[in-house]
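Notes follow the structure.
Number of protein chains: 2
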Amino acid sequence: MANITKKVSWSSRADESGAAGEGTPLLNGSEQPRHSRQVQLAWWLTVRLTAVTPEESLDYDNIENQLFLEEERKMSYMGFRCLEISRWVVCGLIGFLTGLIACFIDIVVEQLAGIKYQVVKENIEKFTEVGGLSISLLLWAVLNSAIVMLGAIIVAFFEPIAAGSGIPQIKCYLNGIKIPRVVRLKEGPMIHSGAVVAAGVSQGRSTSLKRDFKIFEYFRRDTEKRDFVSAGAAAGVSAAFGAPVGGVLFSLEEGASFWNQMLTWRIFFASMISTFTLNFFLSIYHNKPGELSNPGLINFGRFQGDSVAYNLYEIPLFIAMGAIGGLLGALFNVLNYWLTIFRIRYVHRPCLQVMEAMLVAAVTATVSFTMIYFSNDCQPLGPEHTEEYPLQLFCADGEYNSMATAFFNTPERSVRSLFHNQPGTYNPLTLGLFTLTYFFLACWTYGLAVSAGVFIPSLLIGAAWGRLCGILLATITPDGSIWADPGKYALIGAAAQLGGIVRMTLSLTVIMVEATGNVTYGLPIMLVLMTAKIVGDYFVEGLYDIHIKLQSVPFLHWEAPATSHWLTAREVMSSPVTCLNRIEKVGTIVDTLSNTSTNHNGFPVVVKVSGSDEPPKLCGLILRSQLIVLLKHKVFVELARSRLTQRKLQLKDFRDAYPRFPPIQSIHVSQDERECMMDLTEFMNATPYTVPQETSLPRVFKLFRALGLRHLVVVDDENRVVGLVTRKDLARYHLGKHGLEELQLAQT
Amino acid sequence: MANITKKVSWSSRADESGAAGEGTPLLNGSEQPRHSRQVQLAWWLTVRLTAVTPEESLDYDNIENQLFLEEERKMSYMGFRCLEISRWVVCGLIGFLTGLIACFIDIVVEQLAGIKYQVVKENIEKFTEVGGLSISLLLWAVLNSAIVMLGAIIVAFFEPIAAGSGIPQIKCYLNGIKIPRVVRLKEGPMIHSGAVVAAGVSQGRSTSLKRDFKIFEYFRRDTEKRDFVSAGAAAGVSAAFGAPVGGVLFSLEEGASFWNQMLTWRIFFASMISTFTLNFFLSIYHNKPGELSNPGLINFGRFQGDSVAYNLYEIPLFIAMGAIGGLLGALFNVLNYWLTIFRIRYVHRPCLQVMEAMLVAAVTATVSFTMIYFSNDCQPLGPEHTEEYPLQLFCADGEYNSMATAFFNTPERSVRSLFHNQPGTYNPLTLGLFTLTYFFLACWTYGLAVSAGVFIPSLLIGAAWGRLCGILLATITPDGSIWADPGKYALIGAAAQLGGIVRMTLSLTVIMVEATGNVTYGLPIMLVLMTAKIVGDYFVEGLYDIHIKLQSVPFLHWEAPATSHWLTAREVMSSPVTCLNRIEKVGTIVDTLSNTSTNHNGFPVVVKVSGSDEPPKLCGLILRSQLIVLLKHKVFVELARSRLTQRKLQLKDFRDAYPRFPPIQSIHVSQDERECMMDLTEFMNATPYTVPQETSLPRVFKLFRALGLRHLVVVDDENRVVGLVTRKDLARYHLGKHGLEELQLAQT
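First to last, the protein sequences are chains P and S. Read left to right, the first sequence gives residues 1 to 748 (the UniProt record's numbering). Read left to right, the second sequence gives residues 1 to 748 (the UniProt record's numbering).
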């Protein structure tokens with residue numbers, strides 16, 4: 001224990017406790033300056049994390065009670081085959097629907113952005129000649145704010161969980177933390193959408209829509225649902241970036257601790273179907289049916305041909321850019337962290353949130369307009385220009401304002417133009433100014449009460465300074481021609497910046513490779529992401545981890561802290577434990593469940609050896625949710641005796657109640673009934689995993705994490721219950737700068 | 001139990017028991033007709049599975065005894081950081097060396113193949129005019145047989161484990177089965193090489209070379225070694241196909257059951273370094289230093305440009321081709337299965353094996369020559385022909401024999417030319433005949449006593465009939481031009497055939513995508529592999545699984561058979577168990593270890609409650625290997641008392657003995673010493689995982705598989721040992737056509 005140097009309180013909880021009742025947006029969303037597709041669709045639905053409901057853990061270990069075993073034993077081989085086939089069907093459906101949603105979003109955003117930019121463009125053109133461009137600025141700012149207001153109102157007032165990119169929430173869900181309403185009907189960025197679709201489809205019903213199709217009832221438990229949510233998240237990534245393999249790796253990296261070949265294969269299937277669906281419908285929309293050339297929502301264009309291959313001596317440069325990305329990423333994260341703390345303290349009322357979002361939108365428009373206005377970087381308009389809305393402004397005829405291609409455009413298009421435009425399209429000053437302003441705007445934006453991610457803004461910042469690096473290299477070296485392609489450096493810069501912010505590794509490499517359609521850049525991208533992660537981790541954690549920490553959820557990492565062999569189950573466990581007898585008085589159960597001071601979710605079941613004075617021994621484990629269903633159906637020993645024909649409780653009854661079991665307060669138990677007895681034998685998990693008290697923390701951790709447990713019973717050598725280890729007991733320990741630290745989590 | 005319909009004996013054991021002493025090559029290698037790189041390098045070293053030494057299990061669960069915990073607790077945070085860094089260094093080294101080996105192999109094979117084909121070509125050209133081509137045939141056959149003889153002699157007489165592709169062996173190793181000498185110095189196909197390099201480097205010593213560098217001693221245990229072997233296998237795949245992501249997925253699909261983000265990232269690092277090293281040195285060899293354009297040994301050429309994108313209506317065609325691949329793959333596997341059985345029965349003497357290999361080589365040359373001789377498919381020699389050794393034979397000047405491009409070439413080149421040659425390069429008859437003959441030759445070849453895989457031959461067969469399909473489609477449809485590119489169908493055919501034979505899924509898709517450098521073919525390849533797997537699985541298992549089964553090793557699949565909820569730990573476990581007391585007589589321990597009839601590897605340690613009549617309770621688990629080290633160092637209670645200064649046994653002593661602990665017979669224990677006592681407290685794992693008797697088989701299986709256990713103690717509710725579950729107990733149950741079947745494994 002000597003290693004535990006201090007107790008640190010997780011920074012946010014203490015401050016926001018007063019405001020918790022109002023639904024403080026602990027994890028806020030972000031808006032991308034200039035209204036990327038996500039922002040513009042923020043009105044299109046939602047959910048959000050509130051601090052009101054304490055998060056629960058999920059149970060990724062099957063509850064093997066007698067009912068479950070009976071059902072499994074009754075099932076024939078064909079039954080299992082059918083189940084397997086329905087899993088595939090569900091995954092196919094998830095992929096299809098996710099692709100469809102992506103397609104819908106793409107088209108709507110395309111249209112909205114088109115209208116907005118067209119209106120502003122015409123207005124600017126009108127007033128460039130006659131003077132009075134301040135009216136154009138006003139129009140732009142008002143248009144921006146109005147769209148954002150719509151999105152922010154929905155998020156802030158109705159579904160706060162739709163804020164942000166949804167990635168931290170999905171990470172938590174796959175880790176085993178139930179964030180209320182995280183997978184209910186909503187729409188946000190694609191990853192989250194995919195997960196929501198998955199949760200809906202796989203359960204064969206929707207609580208939000210109050211429909212139950214009576215199908216897929218077998219899948220109504222945490223284990224199965226998690227698998228489908230993994231598939232959904234993968235399908236989402238796949239649709240967003242046209243990166244099916246990247247999607248699978250994302251799901252695995254963030255979620256599944258136990259890797260299963262068939263599951264992975266199904267996840268891959270969902271991802272593929274999702275890309276394919278998107279591709280297919282977009283090809284119809286673009287009047288080229290069957291051409292399948294739109295792999296993802298975000299298309300970086302293809303890097304092809306030998307002209308862009310890199311050379312060995314460029315690798316140190318790439319690594320240096322990775323380090324820059326790590327530094328800038330760390331700066332971004334620190335700034336955003338302070339901003340988030342500030343928001344938690346002062347900007348927690350919905351109306352304030354909406355106002356902040358509108359302010360950001362207006363400021364973004366103003367800054368963009370100012371930058372464009374004062375820029376004198378004019379470029380000739382090529383015959384096959386990629387700029388959708390070229391602004392002439394004060395440039396000569398046949399030329400356009402280069403700053404406007406970066407600011408007056410959807411971010412995806414800006415990234416694409418930074419990657420692929422001819423050398424000389426941008427001058428260095430434009431890129432430098434753009435990077436600087438956009439960096440702070442993006443940082444301010446992430447955490448707003450709108451539904452938007454950090455991926456595209458990061459890529460855009462990185463592409464801008466990356467391209468700048470490329471141009472500078474070409475300028476300072478004697479033989480500039482060997483650095484012919486600044487687009488290559490834009491790609492590396494984009495990877496470095498994104499890696500420095502989110503700190504994803506394998507999956508991000510693959511996503512970047514798939515999104516650019518070029519395998520040869522795999523090694524440089526990997527090296528860059530690795531460098532960015534190492535450099536960034538030296539200063540501060542990744543953005544998603546920061547936001548997860550601010551939520552103070554008991555997130556379990558991959559391994560126990562390295563120096564935690566000092567600790568054993570004895571020190572880690574919660575003790576004493578509330579145990580129930582195998583045949584227990586209803587009153588005791590009701591009182592135990594109603595005890596708000598403990599609010600436990602799992603109870604070891606013990607049995608006394610008849611005619612002996614020994615303390616009772618462990619014989620099973622039962623969950624709060626199961627007890628509630630038992631109480632609701634009044635499964636009492638006395639009643640069973642009197643009503644012989646009473647229908648036996650089945651697994652179906654538990655499934656129907658899943659996942660929103662009623663609270664104990666809603667169940668009425670009369671004074672007579674309180675004297676009845678309940679026999680838990682059939683319903684408890686008779687073979688819970690146990691560990692002895694001397695088990696070291698890493699060993700407990702490994703068991704817990706590998707099997708996705710929720711409760712682990714600690715027993716002595718006589719098989720008597722001495723404690724219970726839950727997720728919060730394990731998540732407390734944390735490797736800080738001064739060795740092992742013990743954190744105080746909410747309600748430990 | 002009603003579901004267990006019959007007991008089946010694994011087909012091979014019974015038959016070969018008589019020959020086991022001779023080292024029957026249960027798992028034989030293959031040769032690719034026409035001496036691909038692997039075959040030609042078969043002389044370049046080896047290892048092999050012998051039936052003599054029974055395979056053991058590996059222990060992927062840390063042995064947490066007091067020594068281990070003390071060491072971990074003494075280690076500072078910096079110590080763990082250093083360990084982490086050395087893991088990265090080791091992975092980098094593994095990648096580097098694997099890449100180097102791949103490079104070396106590539107150059108040597110290139111040279112050898114060059115010489116061979118040049119000599120034969122000149123000879124053929126000489127005799128085409130004057131007649132007497134039979135001499136050329138003879139020359140070719142003799143050259144082939146000579147090279148194969150060299151390889152086969154080394155494999156058959158010295159290192160039989162080098163036979164085959166090495167994939168089944170690595171699969172087993174990662175699954176947790178120790179196949180003697182599987183990771184000792186040898187060379188075979190790249191995957192195996194990578195694994196061997198990893199095992200050598202990570203241990204900081206080589207038993208084969210008898211050198212101990214006294215570094216990386218911490219890594220001398222099964223868990224760490226497995227992680228490095230995973231990295232090595234990935235690096236091997238990566239070098240072979242230029243597919244770093246595919247390599248990682250291969251390792252994960254076949255190996256790691258517990259997915260760890262950092263580990264995966266390290267594996268990816270090794271893969272990347274390996275591709276990069278290969279690429280770098282090959283670019284120097286090809287006089288284009290720094291150009292990095294040779295991603296892998298096997299290069300399919302890049303599919304690029306819009307001309308080769310597929311269309312929606314082609315997807316059903318692709319799926320149909322997948323089904324054909326599944327059928328042909330199943331046929332291939334069935335034929336090879338019969339052949340392997342035949343070999344196990346009749347071709348088990350090394351000299352017979354060498355003769356068979358030579359026969360195959362000679363027949364291959366003869367058949368190839370005959371095909372070329374009678375072919376009248378002449379094609380004009382283009383200006384930038386990809387054929388390295390164009391044979392004119394009886395064609396007009398400026399033309400070459402098309403059959404010869406398929407037969408008279410290294411298989412990689414043949415595949416490449418099938419993928420990329422202009423439409424019209426092959427006529428359908430040539431392709432049809434080639435497919436037919438090559439199919440049977442390849443089938444005969446896999447399982448020979450040479451070191452070669454099935455990947456390239458499968459791809460070649462598939463590419464041939466795939467291209468044939470493409471040509472036929474162009475012929476029968478009115479507007480042939482839309483099927484312009486038969487190369488696309490060759491790719492799909494190759495994927496279908498390979499998928500039908502090996503039944504790999506996700507990793508194979510990614511490998512194919514990376515090797516072709518084109519992301520857009522991801523979906524068709526996935527659909528094709530899926531169809532091939534579904535169709536093939538209907539008839540027979542994958543080739544690797546067939547060979548693993550023929551070895552009768554206790555291979556654990558991902559999940560317990562679906563219908564095994566009937567079984568509980570009570571039925572599955574081995575019982576009664578040989579237990580040791582915590583303080584045990586040396587004589588008892590020696591007798592227990594010497595008992596050849598049981599030959600257990602793990603023993604529960606029990607302790608009697610003092611002054612009570614109750615049966616003893618479980619207090620730990622100790623391994624045979626640990627006991628042997630203890631006996632060797634004479635760690636007896638009496639000696640410790642007399643020699644107070646005696647050095648305390650440390651973890652180092654166990655590590656030095658790892659992994660080849662001496663047999664019990666080699667340890668001399670005098671009659672006096674037999675009366676001494678040994679105190680196991682410090683050395684046993686005091687917190688072994690346990691399960692109650694009622695635990696269902698799937699639950700036991702999940703625990704066992706997820707944590708990579710070797711022994712799982714079954715206890716009753718008083719914590720008394722009632723049984724022990726080992727890998728073999730779990731691997732016995734198998735889902736057959738008639739429900740759950742119980743297999744008889746060797747020495748269950």
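Cβ coordinates follow ideal geometry from the N, Cα and C atoms, glycine included.
Which chain P residues sit within Cβ distance under 7 angstroms of residue i?
i: Arg699 of chain S; result: Glu64, Thr687
i: Pro244 of chain S; result: Gly522
i: Lys121 of chain S; result: Under the 7 angstroms cutoff, chain P gives no residues; its nearest Cβ is about 31 angstroms from Lys121 of chain S.
By the criterion of Cβ-Cβ separation under 7 angstroms, what are the contact partners of residue i in chain S?
i: Arg73 of chain P; result: His565, Trp566
i: Lys549 of chain P; result: Within chain S, no residue comes near Lys549 of chain P; the closest Cβ sits about 17 angstroms away, beyond 7 angstroms.
i: Val691 of chain P; result: Thr687
i: Thr264 of chain P; result: Leu506
When the distance is taken between beta carbons, is residue j closer than 8 angstroms to residue i?
i: Leu623 of chain P; j: Asn601 of chain P; result: yes
i: Ala320 of chain S; j: Gly536 of chain S; result: no
i: Asn620 of chain S; j: Pro576 of chain S; result: Sequence check: residue 620 of chain S is Gly here, not Asn. Against a cut-off of 8 angstroms, the Cβ pair of Pro576 of chain S and Gly620 of chain S comes out as no contact.
i: Met530 of chain S; j: Glu253 of chain S; result: no
i: Leu680 of chain P; j: Glu584 of chain P; result: yes
i: Leu730 of chain S; j: Leu468 of chain S; result: no
i: Tyr218 of chain P; j: Phe408 of chain P; result: no
i: Thr264 of chain S; j: Leu506 of chain P; result: yes
i: Leu709 of chain S; j: Asp61 of chain S; result: yes
i: Pro244 of chain P; j: Thr223 of chain P; result: no
i: Ser610 of chain P; j: Phe661 of chain P; result: no
For a cutoff of 8 angstroms on Cβ pairs, would you count residue i as touching chain S?
i: Tyr733 of chain P; result: no
i: Ala706 of chain P; result: yes
Residues of chain P with CB under 9 angstroms from residue i, in chain order?
i: Glu694 of chain S; result: Ala686, Thr687
Could one say the Cβ of residue i lies closer than 8 angstroms to chain P's Cβ atoms, at least one of them?
i: Met512 of chain S; result: no
i: Gln626 of chain S; result: no
i: Lys634 of chain S; result: no
i: Gln261 of chain S; result: yes
i: Glu253 of chain S; result: yes
Return the bridge partner residues of residue i from the DSSP annotation.
i: Pro604 of chain S; result: S:Leu621
i: Gly723 of chain P; result: P:Val714
i: Lys585 of chain P; result: P:Met677
i: His734 of chain S; result: S:Glu741
Kindly give me the distance between the Cβ atoms of residue i and residue j, rounded to whole angstroms, as I take these residues to be in contact under 8 angstroms.
i: Ala357 of chain S; j: Ala152 of chain S; result: 4 angstroms
i: Ile456 of chain S; j: Glu412 of chain S; result: 6 angstroms
i: Leu67 of chain P; j: Gln650 of chain P; result: 7 angstroms
Which residues in chain S have a C-beta closer than 9 angstroms to the C-beta of residue i? List them in chain order.
i: Gly329 of chain P; result: Those within 9 angstroms of Gly329 of chain P in chain S number zero; the least Cβ separation is about 17 angstroms.
i: Trp558 of chain P; result: Trp259, Asn260, Gln261, Met262, Leu263
Under 8 angstroms Cβ-Cβ, which residues of chain S neighbour residue i?
i: Asp717 of chain P; result: Lys617, Leu618, Cys619, Asn719
Could you name the residues of chain P that residue i contacts, counting a contact when the two beta carbons are closer than 8 angstroms?
i: Tyr77 of chain S; result: Ala562, Thr563, Leu735, Gly739
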